[in-house]
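Notes follow once the structure below has been shown.
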Amino acid sequence: MVKATVIGAAGGIGQPLSLLLKQSTLVTDLALYDVVNAPGVAADLSHINTPSVVTGYLPADGGLGKALKNADIVVIPAGVPRKPGMTRDDLFNLDRLPFSHRIDESGGMRGSSAARGPPNTPTDRYALARPRAAPRTAWLPNLGGQSRICWSMRGEPAWALTNSWARLTPLVAFRFYATQQIRSQFPTSTTARISSPALLARLHPLRRLDRSSIGLTIPHPFTRTSRRSDSQINAGIVRDIAVGIAEHSPKAFVLVISNPVNSTVPIVAEVLKKKGVYDPKRLFGVTTLDVVRASTFIAEAAGKPTESLNYRIPVVGGHSGVTIVPLLSQSQPPISVGQDKIEQLTNRIQFGGDEVVKAKDGAGSATLSMAYAGARFAIAVLEAASGKALAHPEMGYVDLTADAAGAKEVTSVIGNDTAFFSVPLQLGPNGVEKILPLGKLNEYESELIKKAVADLNGNISKGVQFTANL
């Protein structure tokens, strides 16, 4: 019996990832958790005639703990996706994310005095927390450099502001964000007062609303009672999930997809350490998408786009921009292209996610390909755990203490100050069985690794510092 838990199962990555795991005969119990819609996704998947039983959980009634209880593997795609102009590292900083407490049809924009303190929490007829007033529209933040547009936790427009009117989506801005994160952002919780998100959705459809008849409460910097590092996006989400894992499934394999992976994996590690249940062999940052992209792009460059499965290219380092280092000199089968093409391919692999973000025109990031990559790695971990010998090494972002002896070759290249690195792994029943050598690097790749390490150390430090006050 194998229990797999997906945290963030109703999202753009979570749904297709859950579908792929439902297809695996290795999984017998598939638990899905999200702040909304997880039971619906579970009901849909449960009709598929594969061996696993599917259940869905929401935050109410200890849903996270129930989803995690006795899990053998936990996959975490929860969090905020990127928007055009954002890097993965931008997802660490909450100050650029809008989140609304309340749509108040009875009041207008009543000036700046409303932004001096956190909103109070009496409820209105919709069972929502009702603040006394709202900040000026000029203070409404925007995300990712897209002027006057804000995005929800699910990566959908929360509202757009023009010169004469505001288009608001309370369903997105309130239901998708506040139900998940409000308790970690404010001294008083309004989460318990949201009696029916589904009712909220029916009462407040997407519509055009005049400024004079709508009030918004958006936490401006002045409304926060502190500027502590716990007021951050994906970092806070991952931290809370890690606490749940420590309490309910401390021996699970933990696969982190939530960006920025370079920082969120150290967060999970630090939480598990503080809880006394950390096993570095069982914690992975999923970087498989970089490997998948490398195979695809190299096959295209070789003029064999339909044979991408035959190309294997190690991609080491991290999972963000220049920290992604494809070792094209080690491609199997070898490729024969000039240095200019090598550099072009390297850049495309490093920033391939930007292609998708741009192509989706702000409507999301690389969800389907990430779901495929996440499921592929999860299934590899489960196969190895079952005792199967894998045909090829897997790449994963891991704590190098998972195999200190094997990591010696890696640290001889990157130095001893980098605690986490994406490396070739031999997986086994307990997770990381061996960290394999990086292999022979050419001069260009050595320079890429130097640049990667410089960025990566900062990313890791940010994650560690985030948990300092736990």
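Read left to right, the sequence shown gives residues 1 to 470 (full-length UniProt numbering). For each residue, glycine too, the CB sits at the ideal point set by N, CA and C. Please read these numbers as outputs of a predicted model, since none were measured by experiment.
Checking the sheet assignment: what are the DSSP bridge partners for residue i?
{"i": "Ala31", "result": "Thr5, Thr55"}
{"i": "Gly428", "result": "Gly431"}
{"i": "residue 494", "result": "Residue numbering for the chain in the displayed model covers 1 to 470; residue 494 lies beyond these limits and cannot be assessed."}
{"i": "Ser422", "result": "Gly317, Tyr397"}
{"i": "Pro326", "result": "Val315"}
{"i": "Gln332", "result": "Arg312"}
Give me the Cβ distance between residue i and residue j, rounded to the nearest whole Å; I'm assuming they're in contact under 8 angstroms.
{"i": "Thr55", "j": "Ala31", "result": "5 angstroms"}
{"i": "Glu445", "j": "Ser329", "result": "6 angstroms"}
{"i": "Ala419", "j": "Asp399", "result": "6 angstroms"}
{"i": "Ile257", "j": "Ile76", "result": "6 angstroms"}
{"i": "Phe421", "j": "Val316", "result": "7 angstroms"}
{"i": "Ile435", "j": "Asp403", "result": "4 angstroms"}
{"i": "Leu441", "j": "Ala384", "result": "Between Ala384 and Leu441 the Cβ distance is about 27 angstroms, and since that is not below 8 angstroms, they are no contact."}
Per DSSP, what kind of secondary structure is residue i in: helix, strand or coil?
{"i": "Ser263", "result": "helix"}
{"i": "Tyr372", "result": "helix"}
{"i": "Phe351", "result": "coil"}
{"i": "Pro314", "result": "coil"}
{"i": "Tyr397", "result": "strand"}
{"i": "Asp240", "result": "helix"}
{"i": "Ala133", "result": "For Ala133, the predicted structure reports a pLDDT of 31, less than 50, and the residue's modelled location is therefore unreliable. A value from the coordinates is still provided. Coil, per DSSP."}
{"i": "Gly79", "result": "coil"}
{"i": "Lys451", "result": "helix"}
{"i": "Leu441", "result": "coil"}
{"i": "Gly285", "result": "strand"}
{"i": "Asp61", "result": "helix"}
{"i": "Gly40", "result": "helix"}
{"i": "Leu26", "result": "coil"}
{"i": "Ala296", "result": "It should be pointed out that residue 296 corresponds to Thr in this sequence rather than to Ala. The answer is helix: DSSP assigns Thr296 an H, G or I state."}
{"i": "Leu345", "result": "helix"}
{"i": "Arg211", "result": "Caution is warranted here: a pLDDT of 31 is assigned to Arg211, below 50, making its placement in the model unreliable, and no coordinate value can be reported."}
{"i": "Ile379", "result": "helix"}
{"i": "Thr50", "result": "coil"}
{"i": "His392", "result": "coil"}
{"i": "Thr411", "result": "helix"}
{"i": "Phe466", "result": "helix"}
{"i": "Leu456", "result": "helix"}
{"i": "Gly406", "result": "coil"}
{"i": "Asp417", "result": "coil"}
{"i": "Ser461", "result": "helix"}
{"i": "Thr121", "result": "Below a pLDDT of 50, predicted positions are generally treated as unreliable, and Thr121, at 33, falls in that range; the measurement from the model is reported next regardless. If DSSP states are grouped into helix, strand and coil, Thr121 belongs with coil."}
Please identify the residue among the options whose C-alpha is closest to the C-alpha of residue i.
{"i": "Gly353", "options": "Gln344, Ser369, Ile342", "result": "Ser369"}
{"i": "Asp44", "options": "Lys408, Lys275, Ser18", "result": "Ser18"}
{"i": "His319", "options": "Gly374, Gly285, Ala373, Gln339", "result": "Gly285"}
{"i": "Ala380", "options": "Ala10, Thr25, Asp399, Gln15", "result": "Thr25"}
{"i": "Arg293", "options": "Lys274, Thr264, Pro326", "result": "Pro326"}
{"i": "Lys341", "options": "Ile298, Leu283, Ala378, Arg282", "result": "Ile298"}
{"i": "Lys275", "options": "Ile257, Asn430, Thr467", "result": "Thr467"}
{"i": "Thr367", "options": "Pro16, Asp403, Tyr33, Ala4", "result": "Pro16"}
{"i": "residue 482", "options": "Tyr57, Gly65, Pro429, Val75", "result": "For residue 482 there is no data in the structure shown, the boundaries of the chain being 1 and 470."}
{"i": "Leu438", "options": "Lys69, Lys462, Thr411", "result": "Thr411"}
{"i": "Ile313", "options": "Thr346, Leu68, Asp29", "result": "Thr346"}
{"i": "Tyr394", "options": "Val27, Val432, Glu409, Phe351", "result": "At residue 394 the sequence reads Glu, which differs from the Tyr that was named. Answer by Cα proximity: Val432."}
{"i": "Tyr33", "options": "Gly79, Thr287, Pro429, Pro424", "result": "Gly79"}
{"i": "Gly40", "options": "Ile237, Gly362, Pro305, Leu58", "result": "Leu58"}
{"i": "Val277", "options": "Thr288, Thr287, Lys251", "result": "Lys251"}
{"i": "Leu289", "options": "Arg282, Ala371, Ile335, Gln23", "result": "Ala371"}
{"i": "Pro334", "options": "Ala363, Arg348, Lys360, Ala301", "result": "Ala301"}
{"i": "Gly415", "options": "Ala405, Val453, Ser386, Lys388", "result": "Val453"}
With distances taken between CB atoms, is the gap from residue i to residue j smaller than 9 angstroms?
{"i": "Val464", "j": "Pro266", "result": "yes"}
{"i": "Val243", "j": "Val261", "result": "no"}
{"i": "Ser308", "j": "Thr296", "result": "yes"}
{"i": "Gly396", "j": "Val357", "result": "no"}
{"i": "Leu68", "j": "Ala375", "result": "no"}
{"i": "Val268", "j": "Val238", "result": "yes"}
{"i": "Ile73", "j": "Lys3", "result": "yes"}
{"i": "Asn457", "j": "Asp417", "result": "yes"}
{"i": "Ser249", "j": "Ala60", "result": "no"}
{"i": "Ser263", "j": "Ile460", "result": "yes"}
{"i": "Lys281", "j": "Asn430", "result": "yes"}
{"i": "Leu382", "j": "Val27", "result": "yes"}
Please check if any C-beta of chain D sits within less than 9 angstroms of the C-beta of residue i.
{"i": "Gly387", "result": "No chain D appears in this structure, which consists of one protein chain only."}
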